[in-house]
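Report on the following structure.
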Amino acid sequence: MGSCGGGGAGGGCQSECFRDREGDEEDSLRTEDLKRCSGSCSGDQSPANDGLYNNLCGACFRFSLYGKFKVAVTSNGMISPTDKVLVALEFAHEMQLKAQKSWDASKDQALPVFGVGAAFIDESIPLRPSKVVQKAIEEMRFRVSQLTPPPKVFHDGTGLNALLETISDATGKEDLLSYLRMLSLQKIALDNGYSKLVLGSCTTTIACHILSATVKGQGYSLPADIQYVDARWEIPVVLPLRSCLAEELQCFATLMGNHEIHQVFDQPCSGINNLVSSFIARVQEENPSRARTILRTAEKLRPFHFNRLSENLSYEMLPSRVRRKLQTAANAEFTPSELLCPICGGPLTESDVTRLKSTVSKSSRRHEAFAAHCCQSCCSQILPKELPSLEHFYSLLPDQIEDCLLSSDED
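Per the numbering used here, the sequence shown runs over residues 683 to 1093.
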């Protein structure tokens, strides 16, 4: 038996917590390793923290979750001290406090500490009643008009609503919102000089994506979305919470006093996404390990070349064990694919590429060429079927998407 790191005046948990010591050199703490807190940890007697998750007290649960996060970041070399990280999470005020602590530590210790920023994009606005949205827009417009000179430009989202109205499929509309959110986060990161984008995708949300992507016919591109690292974007995306369940994050938010984070997990869905979310929630109630089983099964799929760390990563700042692992991964074989869908960013299959080249050589219309660049899933769920509607849809898209198109004189 050893101390689990629980809090209290004594500096350790006194409640007979057990954990597997086999992986201590990697700090590989798992929730299932912390078997049971049979009583309150010394100094952590609050009823709100007692038995918070899997019979763990607040201190032991917090230590377990921090352990998962630490293992994910260090073992995959996600973040280096020279990085400037943009965190796309709900609890932005908490990240601001952590950013200040990081900056203070850097000054006090004369050590490089990565910078942290936070961003939140509310993609649920188009799904709310129009009267509620209009009232909120008018309130924001008034507040912007009261700001000091120079005059500020206020964008009310009419272009986004017009774009979404061209999509008849409810699932396709939700998926497009998700893709536009990523483009928005990328723009924020680029404009503010961030080098990494951290998303809060967890085991539960990834398990939902695995099943829904399979149903939508996105099995070929599925491995691209479920890895710890996704460097197909200009700003690489990392998922440090990939091994955590949504229930754990909700409990952690409650423990830290951030009750608003529940809104992220409770956003309304429809169509395929709603069915899959309901299914995952139900099987999780019967067996909490189901989501992890789904993720472990999908992990057997071969990742793409952009799912590994950049070759210019500074290995000198990493432990030797992690350095060997990453260098081995850099030399491993990956599925090559360079053409990506301009909407979802998924790699195109060989049949998609063949269809693309055939269409580009025959058609000079940009909206038809754009449709040929899209994967089969986006073509069936997002793109309008009629040519006039497709042309209107294309005219409403962000200008950056044109940079992804293949010209007729390219192979």
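Glycine included, each C-beta is placed from N, C-alpha and C at the ideal position.
- Per DSSP, the beta bridge partners of aspartate 912 are Val919.
- In the structure shown, proline 1080 adopts coil according to DSSP, grouped into three states.
- Contact holds between the region 971-985 and the region 892-906, because three or more Cβ pairs, one in each stretch, are under 8 Å apart.
- Annotated three-state conformation of glycine 799 is strand, per DSSP.
- In this structure, the beta-carbon distance from leucine 881 to leucine 927 does not fall below 8 Å.
- Residue Cys1026 holds the alpha-carbon nearest to the alpha-carbon of glycine 854 among Cys1026, Ala1053, Leu1069 and Leu931.
- Proline 905 carries a helical assignment under DSSP once its states are collapsed to helix, strand and coil.
- When secondary structure is reduced to three states using DSSP, lysine 1039 falls in the helix class.
- Relative to the Cα of tryptophan 915, the nearest Cα in the group Cys1023, Ser925 and Ala844 belongs to Cys1023.
- Per DSSP, leucine 858 lies in no beta strand (DSSP E) segment; the continuous alpha helix (DSSP H) that holds it begins and ends at 852-873.
- Cβ contact annotation for leucine 923 (same chain, cutoff 6 Å, sequence separation greater than five): Gly882 and Cys884, in chain order.
- Taking the C-beta atoms as reference points, leucine 1078 is found no nearer than 8 Å to alanine 754.
- Boundaries of the alpha helix (DSSP H) around leucine 957: 953-968.
- When DSSP states are grouped into helix, strand and coil, lysine 982 belongs to the coil group.
- Residue pairing by DSSP places lysine 878 opposite Val767 in a beta bridge.
- For leucine 1030, there is no enclosing alpha helix (DSSP H), as DSSP marks it with neither H nor E.
- Per DSSP, the continuous alpha helix (DSSP H) segment holding glutamine 1058 begins and ends at 1058-1063.
- As a beta-bridge residue in DSSP terms, leucine 1022 pairs with Pro1029.
- Within 10 angstroms of the beta-carbon of glutamate 930 lie 16 or more other beta-carbons, which makes it buried.
- Burial check for glycine 841: the Cβ neighbour count within 10 Å stays below 16, so the residue is exposed.
- Taking the Cα positions, serine 971 is about 51 Å away from lysine 1044.
- In terms of CA proximity to cysteine 1060, Gly899 leads the group Gly899, Val919 and Glu967.
- Residues Thr848 of the same chain have their beta carbon placed closer than 7 Å to that of serine 1071, with the five preceding and five following residues left out of the count.
- Here DSSP, grouped into helix, strand and coil, assigns serine 1045 to coil.
- Each residue's CA atom was taken as its position, placing histidine 1049 and glutamate 1073 some 6 Å apart.
- In the three-state DSSP reduction, leucine 846 falls in the helix class (H, G or I).
- Beyond the five residues adjoining it in sequence on each side, glycine 875 comes within less than 7 Å, by CB distance, of Lys766 in the same chain, given in chain order.
- Per DSSP, isoleucine 892 is one residue of the alpha helix (DSSP H) stretching across 885-897.
- Under the three-state reduction of DSSP, glutamate 1050 is assigned to helix.
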